[in-house]
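Participant: Residues in the sequence shown are numbered consecutively from 1, following my numbering.
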Amino acid sequence: MYNLNDKVAIITGGALGIGGAAARKLASVGAKVFIADIDDSEAKKNVKRIEKSGGLATSSHVDVAEGKDISRMINEAVEHYGRLDILVQNAGGGVVSKAIHGSALDVDEKQWDLGINIYLKALYIGAKYSIPHLKSNGAGVIVNIASIHGILQEPGRFVYEAAKTGVIGMTRQLASEFGPDGIRVNAITPGHIVGERAAENWKKNPTGHKFFANQNLIGRTGTPKDIANGVVFLCSDDSSFITGHTLTIDGGITVQLQEKFAVKQAQYIIDNPDTNLSL
Ligand SMILES: NC(=O)c1ccc[n+]([C@@H]2O[C@H](COP(=O)([O-])OP(=O)(O)OC[C@H]3O[C@@H](n4cnc5c(N)ncnc54)[C@H](O)[C@@H]3O)[C@@H](O)[C@H]2O)c1
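(1) Compute the distance between the beta-carbons of A9 and V64, then report whether it is under 8 angstroms.
(2) Are the CB atoms of I188 and A146 within a distance shorter than 8 angstroms?
(3) Report the partner residues of Q89 according to the DSSP bridge assignment.
(4) Ordered along the chain, which non-local residues of its own chain (more than five positions away) have a Cβ less than 7 angstroms from that of L4?
(5) Can you find the residues in the same chain that come closer than 7 angstroms, C-beta to C-beta, to G156, ignoring five residues on each side of it along the sequence?
(6) Report yes if the CB atom of G195 is closer than 8 angstroms to the CB atom of G13, and no otherwise.
(7) Shortest alpha-carbon distance to V255 belongs to which of G191, P132, G20?
(8) Between which two residues does the beta strand (DSSP E) holding T186 run?
(9) Anyone know if the C-beta pair for H133 and I74 falls short of 8 angstroms?
(10) Under DSSP, the alpha helix (DSSP H) around S60 begins and ends at which residues?
(11) Report yes or no: do three or more beta-carbon pairs, one from the stretch 47-60 and one from the stretch 247-267, lie closer than 8 angstroms?
(12) Please report the straight-line C-alpha distance between E177 and D108, rounded to a whole angstrom.
(13) What do you reckon, are the CB atoms on I38 and A122 nearer than 8 angstroms?
(14) For ligand 1, I want to know if S130 counts as a neighbour, meaning its beta carbon is within less than 7 angstroms of at least one of the ligand's heavy atoms.
(15) V33: which of V62, D85, R72, G93 sits nearest, CA to CA?
(16) Is the beta carbon of P224 within less than 7 angstroms of some heavy atom of ligand 2?
(17) Tell me the start and end of each unbroken alpha helix (DSSP H) in the stretch 176-251 that is at least 4 residues and wholly inside, in chain order.
(18) Is the closest heavy atom of ligand 1 to the C-beta of V231 under 7 angstroms?
(19) Is the closest heavy atom of ligand 1 to the C-beta of H209 under 7 angstroms?
(20) Is there contact between the stretch 114-128 and the stretch 156-173, where contact requires at least three CB pairs shorter than 8 angstroms?
(21) Name the residue from H149, A175, N201 whose alpha carbon lies nearest to the alpha carbon of T165.
(22) Among all the DSSP beta bridges, which residues are the ones paired with D37?
Below is the structure:
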């Protein structure tokens with residue numbers, strides 16, 4: 001059982017999905033949680049859920065696309081709880097990813113700026129304003145949520161993949177520069193994770209969901225809890241010798257040899273011709 005008693009943790013995008021589950025899991029092992037999200041109503045609901053289970057949480061309206069919101073978020077958390085120990089940089093998700101979809105020729109500079117601001121620049125600003133507090137404690141943890149799109153490509157994900165690859169590089173860099181100050185920085189590359197919003201979409205296409213589940217060696221898509229479990233491990237003392245690392249949590253989708261994988265999926269369609277492949 002992990003023990004994060006009295007540790008203060010900020011989770012960006014902590015209302016729903018991966019961040020929502022990470023907030024609940026951190027609170028369940030004693031952390032005082034600060035949820036930073038643009039969705040005030042869902043953030044408040046998650047605070048209530050945490051409190052109902054005996055945890056401690058608060059929320060604040062933060063848009064990580066805005067640097068000033070991020071520096072305010074750090075100050076607010078420190079003012080509210082008196083210290084800062086953990087920063088989980090997670091905000092983003094399906095809505096943002098759709099808005100920046102396209103190849104280098106399809107996207108415009110506005111879409112590039114939006115994707116890079118939310119998925120990469122926000123993590124730099126978060127590190128910049130949190131590290132002085134972690135340094136003054138002599139210890140601290142940052143967990144950056146990247147994606148398997150930071151290690152493998154899919155057509156149409158130009159901005160997303162540029163940003164998520166950057167997150168992995170930034171994680172190594174921060175770990176090497178601030179390790180001597182007692183600060184550990186790690187990344188997680190989730191595979192296909194079905195949170196509340198994605199689950200609503202998959203309800204409309206259950207055979208398509210099964211097809212995607214079959215791509216994972218584990219035979220199912222991931223849940224936000226699968227990633228939250230990794231977040232808590234990386235925030236705990238059980239990972240005290242792990243830094244600069246990227247932990248892939250993807251049900252095994254990225255370890256498969258591509259030609260075998262393609263044959264397996266082709267066979268799946270032959271066996272299940274009613275599969276609806278629209279996403
Ligand atoms: N779900 C997946 O399959 C998957 C896979 C790999 C990586 N990821 C990454 O995990 C992270 C979370 O994704 P998710 O699937 O849980 O998404 P989600 O849509 O379920 O939840 C995202 C949360 O972030 C918040 N948010 C969005 N934009 C924000 C902003 N500008 N400022 C503050 N909060 C904001 C939303 O309100 C929501 O609470 C993202 O960084 C995403 O790229 C997700």
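Glycine included, each C-beta is placed from N, C-alpha and C at the ideal position.
Note that this is a predicted model, so its numbers are computed, not measured.
Facilitator: Reading it off the structure:
(1) One-based indexing of the sequence shown puts residue 9 at position 9. One-based indexing of the sequence shown puts residue 64 at position 64. Cβ distance not < 8 angstroms, so A9 and V64 don't count as in contact.
(2) Translated into the one-based positions of the sequence shown, residue 146 becomes position 146. Translated into the one-based positions of the sequence shown, residue 188 becomes position 188. In this structure, I188 lies closer than 8 angstroms to A146 by Cβ.
(3) In the sequence shown, residue 89 corresponds to position 89, counting from 1. Paired residues: N144.
(4) In the sequence shown, counting from the first residue as 1, residue 4 sits at position 4. Cβ within range, chain order: L26, V29, G30, A31, C235, S236.
(5) For the purposes of this step, residue 156 is taken as the residue at position 156 of the sequence shown. Excluding sequence neighbours, G156 sits near H101, G102, S103.
(6) Mapped onto the sequence shown, residue 195 falls at position 195. Mapped onto the sequence shown, residue 13 falls at position 13. Contact: no.
(7) The count along the sequence shown starts at 1 and reaches residue 255 at position 255. Checked all of G191, P132, G20; the closest Cα to V255 is G191.
(8) Translated into the one-based positions of the sequence shown, residue 186 becomes position 186. Note that residue 186 corresponds to Asn in the displayed sequence, not to Thr. First-last of the beta strand (DSSP E) with N186: 183-190.
(9) The sequence position of residue 133 within the sequence shown is 133, counting from 1. The sequence position of residue 74 within the sequence shown is 74, counting from 1. In contact: H133 and I74 (Cβ atoms closer than 8 angstroms).
(10) Stepping through the sequence shown from its first residue, residue 60 is reached at position 60. No alpha helix (DSSP H) holds S60; the beta strand (DSSP E) holding it covers 56-61.
(11) no
(12) Within the sequence shown, the letter at position 177 stands for residue 177. Within the sequence shown, the letter at position 108 stands for residue 108. Rounded to whole angstroms, E177 to D108 spans 34 angstroms at the Cα level.
(13) Walking along the sequence shown from the start, residue 38 turns up at place 38. Walking along the sequence shown from the start, residue 122 turns up at place 122. Result no, Cβ atoms of I38 and A122 do not sit closer than 8 angstroms.
(14) Here residue 130 refers to the residue found at position 130 of the sequence shown. When distances are taken from the beta-carbon of S130 to the heavy atoms of ligand 1, even the shortest one reaches 7 angstroms or more.
(15) The residue labelled residue 33 in the question sits at position 33 within the sequence shown. Comparing Cα positions, the closest option is D85.
(16) In the structure on display, ligand 2 does not appear, and the ligands it does have are ligand 1.
(17) 196-203, 206-214, 224-235
(18) Numbered from 1 along the sequence shown, position 231 holds the residue referred to as residue 231. No, the beta carbon of V231 sits no closer than 7 angstroms to any heavy atom of ligand 1.
(19) Taking the first residue of the sequence shown as 1, we reach residue 209 at position 209. Taking non-hydrogen atoms of ligand 1 into account, the C-beta of H209 is found less than 7 angstroms away from none of them.
(20) yes
(21) By one-based count along the sequence shown, residue 165 stands at place 165. Answer by Cα proximity: H149.
(22) In the sequence shown, counting from the first residue as 1, residue 37 sits at position 37. Bridge partners of D37: H61.
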